Amino acid sequence: MPRSLIVHENFLARVKARDLPAGAPPTPGLAPHEMVALFRSQCLSRALDRTSRAMQKAGQGFYTIGSSGHEGMAAVAHALRPDDMAFLHYRDAAFQIARAAQLGQSIAWDMLLSFASSAEDPISGGRHKVLGSKALAIPPQTSTIASHLPKAVGAAYSLGLARRRPPEHRALPEDALVMASFGDASANHSTAQGAFNTAGWTAFQSVPLPILFVCEDNGIGISTRTPRGWIEASFRARPGLRYFRANGLDMSETYAVAAEAAAHVRNRRRPAFLHLETVRLYGHAGADLPTTYLSREEVEAEEANDPLLHSVRLMADAGALDPDEALAIYLETQERVDRVAAEAVTRPRLKSASDVMASLIPPARTCAPTNGPSAEARAAAFGSDLKAMAEPQPMSRLLNWALTDLMLAHPEIVLMGEDVGRKGGVYGVTQKLQTRFGADRVIDTLLDEQSILGLGIGMAHNGFLPVPEIQFLAYLHNAEDQIRGEAATLPFFSNGQYANPMVLRIAGLGYQKGFGGHFHNDNSIAVLRDIPGLILACPSDGAEAAMMLRECVRLAREEQRLVVFLEPIALYPMRDLAEEKDGGWMRTYPDPSERLRFGEIGCHGEGRDLAIVTFGNGMYLSQQANFTLRENGVAARILDLRWLAPLPLEAMLRATQDCRAVLVVDECRRSAGGPAEALMTALAEAGRTRIARITAEDSFIATGPAYAATLPSAAGIAEAALALVRA
Numbered sequence: 023m024p025r026s027l028i029v030h031e032n033f034l035a036r037v038k039a040r041d042l043p044a045g046a047p048p049t050p051g052l053a054p055h056e057m058v059a060l061f062r063s064q065c066l067s068r069a070l071d072r073t074s075r076a077m078q079k080a081g082q083g084f085y086t087i088g089s090s091g092h093e094g095m096a097a098v099a100h101a102l103r104p105d106d107m108a109f110l111h112y113r114d115a116a117f118q119i120a121r122a123a124q125l126g127q128s129i130a131w132d133m134l135l136s137f138a139s140s141a142e143d144p145i146s147g148g149r150h151k152v153l154g155s156k157a158l159a160i161p162p163q164t165s166t167i168a169s170h171l172p173k174a175v176g177a178a179y180s181l182g183l184a185r186r187r188p189p190e191h192r193a194l195p196e197d198a199l200v201m202a203s204f205g206d207a208s209a210n211h212s213t214a215q216g217a218f219n220t221a222g223w224t225a226f227q228s229v230p231l232p233i234l235f236v237c238e239d240n241g242i243g244i245s246t247r248t249p250r251g252w253i254e255a256s257f258r259a260r261p262g263l264r265y266f267r268a269n270g271l272d273m274s275e276t277y278a279v280a281a282e283a284a285a286h287v288r289n290r291r292r293p294a295f296l297h298l299e300t301v302r303l304y305g306h307a308g309a310d311l312p313t314t315y316l317s318r319e320e321v322e323a324e325e326a327n328d329p330l331l332h333s334v335r336l337m338a339d340a341g342a343l344d345p346d347e348a349l350a351i352y353l354e355t356q357e358r359v360d361r362v363a364a365e366a367v368t369r370p371r372l373k374s375a376s377d378v379m380a381s382l383i384p385p386a387r388t389c390a391p392t393n394g395p396s397a398e399a400r401a402a403a404f405g406s407d408l409k410a411m412a413e414p415q416p417m418s419r420l421l422n423w424a425l426t427d428l429m430l431a432h433p434e435i436v437l438m439g440e441d442v443g444r445k446g447g448v449y450g451v452t453q454k455l456q457t458r459f460g461a462d463r464v465i466d467t468l469l470d471e472q473s474i475l476g477l478g479i480g481m482a483h484n485g486f487l488p489v490p491e492i493q494f495l496a497y498l499h500n501a502e503d504q505i506r507g508e509a510a511t512l513p514f515f516s517n518g519q520y521a522n523p524m525v526l527r528i529a530g531l532g533y534q535k536g537f538g539g540h541f542h543n544d545n546s547i548a549v550l551r552d553i554p555g556l557i558l559a560c561p562s563d564g565a566e567a568a569m570m571l572r573e574c575v576r577l578a579r580e581e582q583r584l585v586v587f588l589e590p591i592a593l594y595p596m597r598d599l600a601e602e603k604d605g606g607w608m609r610t611y612p613d614p615s616e617r618l619r620f621g622e623i624g625c626h627g628e629g630r631d632l633a634i635v636t637f638g639n640g641m642y643l644s645q646q647a648n649f650t651l652r653e654n655g656v657a658a659r660i661l662d663l664r665w666l667a668p669l670p671l672e673a674m675l676r677a678t679q680d681c682r683a684v685l686v687v688d689e690c691r692r693s694a695g696g697p698a699e700a701l702m703t704a705l706a707e708a709g710r711t712r713i714a715r716i717t718a719e720d721s722f723i724a725t726g727p728a729y730a731a732t733l734p735s736a737a738g739i740a741e742a743a744l745a746l747v748r749a
């Protein structure tokens, strides 16, 4: 007999027999009608769990990780306001149900549509079974490793900044708090630990951070036990984090303690940790048999502590509801859910790839028009730099000016990262910006990439336009799931109702002379090109960088796109091209109104013998190689892709169609997901036969004199080009 049926029959028998588990008397705070309302939410959560298993058995449902044993979260919802943004653990159906009741919503139909993967599911449109609701301020969440905690911290930080600098698309009330829940096993994950540390680090400095962490401690993660007492020992005395503890089986105690914790967070604007003791019923998911890794005595002891049995006892003790009346509510709820489920499974589902992919790209949003900063504002911000704009400058300086103009034009832009403020960045790109705009718009973060990205993702939830910086491309790999698993999936799993508009700046690629080896010379962008919906931009000179950055900000601000702006470190200071002091790679600052449109490629030269297709450092090297090609009578054109995801393949094919040969120059590794693979495929599929590529070797990059040994070179490009043309 399945454990779900055993728990169900035990509930029926024990309530009829008045065989209820012992416990403390009701904690004051809940009125009788509130207790009954919370019990109804708990019963609905339990009924949905049982029905989800029946739906799966019938081939009509596709998700069975339930909330049984965690029904105490209904009381946590009751202790919060419905406009407090909640990032939920996947076992928190009772929270969402109770929050819906606060607004008078009937949620059973919506959740059953989600179980059935119906295209009419109001949160994901049938793409996944997720908890979430725009109306309930619950962004959809699929995390099983607490990867939502960094962005919850970011959303909490945004509340204080929004008080001082309210953004145009502000979503959260001034006095709101943010709640994030997770399991005891997930609390051990590095992502969660980083979020707790960031919250404590921020609060330690008296920076407002109104976040309530809720740890639902059922003592086990799938089959691995959490050591008894571990959560309390880990969090009771954590700096900057006020610890609260409640028995999650007792709705009255849970409500009282959660209300106290919420008041602490809301009034003091400081983080708190609510340790909620729960049980897990039925095992991890529908196919999981807990008796394969727990003794029968352990499983039955948990089942005897069913929180619904405790709720029946508490209501009886409080004079709120007779056990027979409670049993009637339980049975009526299950019957109603079964009736609704029978209809939900008949609703249409997604069928085609286009149906599934329709929400990968979020909808555009209306933004207030702007004419840009006034001449007076620019003069005050730039000072003597205004005169220098008439002279050619290296990329790093032009990027700094572009950021300044953008931050003047759009007050909702906030920069964040390691060393971006007082120091002005490792390469000086953000110099003077903190002086110009303040420490709350140019934020020096702690050294944790997950927290930097989480800060940006969370701030976007409250209308800000984050521009986080990852100091070096290699450092992204510590935190790439924040982009792949959190930011990029949000519009997909919310059917476009939520988005993460952001411009993530990353300093990267190779060719730094003798500095840091592969940690600072990283030429792998495969992880970024592999994320659906993400835009990846890479400039090759300063003027291009300024105009592309403006377009990236427009894409994020107006179209809510997730954009990565990859800045070639080696080109930051580049001045010369052909010979020393020729100034051939410096550019003047383009007018603030000038942009390079998304998907627009650059074309240098009109030669028809050869087209060189490249980007970033490859553009610089190909220009150098072109001197050799001209000396050998080869008329070439050089195409700058600029946009690496999605690749502008059609534009590339059009720009090369009248060329006799095409050489792809890709500074990424030959067999590691660089753009060359897709470019060569597109050329071959278009019927081009005289094509070749030159790439980096499948290797990390060395430091010292061999820094460029594994990378394409100007001489190597010229040699490959001549061989291709003469073949």
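Take the sequence shown: its position 311, counting from 1, is numbered 333 in our numbering, and each next residue is one higher. Beta carbons: idealized from backbone N, C-alpha and C, even for Gly. As the structure is a computational prediction, the values presented were derived from the model and not from experiment.
{"Asked": "Residue environment, Phe620, which counts as buried when at least 16 other CB atoms sit within 10 Å", "Found": "buried"}
{"Asked": "Inter-residue spacing [alpha-carbon to alpha-carbon] between Gly126 and Pro104", "Found": "11 Å"}
{"Asked": "Continuous alpha helix (DSSP H) assignments of at least 4 residues falling wholly in the region 209–280", "Found": "212–226, 252–257"}
{"Asked": "Whole runs of the alpha helix (DSSP H) within the region 416–493, excluding any shorter than 4 residues", "Found": "417–431, 455–459, 471–482"}
{"Asked": "Three CB pairs or more closer than 8 Å across the region 530–547 and the region 585–595", "Found": "yes"}
{"Asked": "Three-state class that DSSP yields for Leu353 in the structure shown", "Found": "helix"}
{"Asked": "Status (buried if at least 16 other CB within 10 Å, exposed otherwise) for Cys625", "Found": "exposed"}
{"Asked": "Minimum length 3: unbroken beta strand (DSSP E) runs contained in the region 513–549", "Found": "524–530"}
{"Asked": "Rounded Cβ spacing between Asn545 and Leu733 (contact assumed at less than 8 Å)", "Found": "7 Å"}
{"Asked": "Length-filtered (4 minimum) alpha helix (DSSP H) runs lying within the region 581–664", "Found": "639–653"}
{"Asked": "Supposed contact pair Ser136 and Ile167 - C-beta distance, whole angstroms, cut 8 Å", "Found": "Not quite, the Cβ-Cβ distance comes to about 21 Å (not below 8 Å), so this is no contact."}
{"Asked": "Pick from Glu508, Asp613, Thr300 that is closest to Asn393, judged by C-alpha positions", "Found": "Asp613"}
{"Asked": "Residue interval of the alpha helix (DSSP H) (run including Leu311)", "Found": "Taken as a continuous stretch (DSSP letters only), Leu311 belongs to no alpha helix (DSSP H), as it is neither H nor E."}
{"Asked": "Residues that Ser203 bridges to, as DSSP identifies them", "Found": "Val236"}
{"Asked": "Beta-carbon gap between Gln582 and Ala386 smaller than 8 Å", "Found": "yes"}
{"Asked": "8 Å Cβ shell around Arg712 - same chain, five flanking residues per side excluded", "Found": "Arg682, Ala683, Val684, Leu746, Ala749"}
{"Asked": "Nearest neighbour of Leu316, chosen from Gly308, Tyr304, Asn327 [CA to CA]", "Found": "Tyr304"}
{"Asked": "Unbroken stretches of the beta strand (DSSP E), 3 residues or longer, contained in the region 159–183", "Found": "160–163"}
{"Asked": "The region 488–506 in contact with the region 542–561 per 3-pair CB rule at 8 Å", "Found": "yes"}
{"Asked": "Proximity of Gly638 and Ser562 at Cβ, strictly below 8 Å", "Found": "yes"}
{"Asked": "Residues near Leu421 in its chain [Cβ-Cβ closer than 6 Å; skip 5 each side]", "Found": "Val451, Ala567"}
{"Asked": "C-beta atoms of Gln82 and Val367 nearer than 8 Å", "Found": "yes"}
{"Asked": "Touching by the beta-carbon criterion (3+ pairs, under 8 Å), the region 400–410 and the region 117–133", "Found": "no"}
{"Asked": "Proximity of Ile351 and Phe61 at Cβ, strictly below 8 Å", "Found": "yes"}
{"Asked": "Paired residues, beta bridge with Arg748 - DSSP", "Found": "In the DSSP output, where bridge partners are listed per residue, Arg748 has none listed."}
{"Asked": "Beta-ladder partner(s) of Asp688, from DSSP", "Found": "Thr717"}
{"Asked": "Supposed contact pair Arg149 and Val378 - C-beta distance, whole angstroms, cut 8 Å", "Found": "7 Å"}
{"Asked": "Rounded straight-line distance, which links the Cα of Gln456 to that of Pro172", "Found": "24 Å"}
{"Asked": "Under 8 Å between C-beta atoms of Ile623 and Ala743", "Found": "no"}
{"Asked": "Distance CB(Ala521)-CB(Ile553) smaller than 8 Å", "Found": "no"}
{"Asked": "Endpoints, the alpha helix (DSSP H) within which Ile119 is located", "Found": "115–124"}
{"Asked": "Start-to-end residues for the alpha helix (DSSP H) that takes in Ile28", "Found": "25–38"}
{"Asked": "C-beta contact flag for Arg68 and Glu93 at 8 Å", "Found": "yes"}
{"Asked": "Segment contact flag, the region 216–230 with the region 472–491, C-beta cutoff 8 Å, min 3 pairs", "Found": "yes"}
{"Asked": "Neighbour-count burial assignment, Ser764, 16 or more Cβ in a 10 Å radius", "Found": "In the structure as shown, the chain begins at 23 and stops at 749. Residue 764 is therefore absent and cannot be evaluated."}
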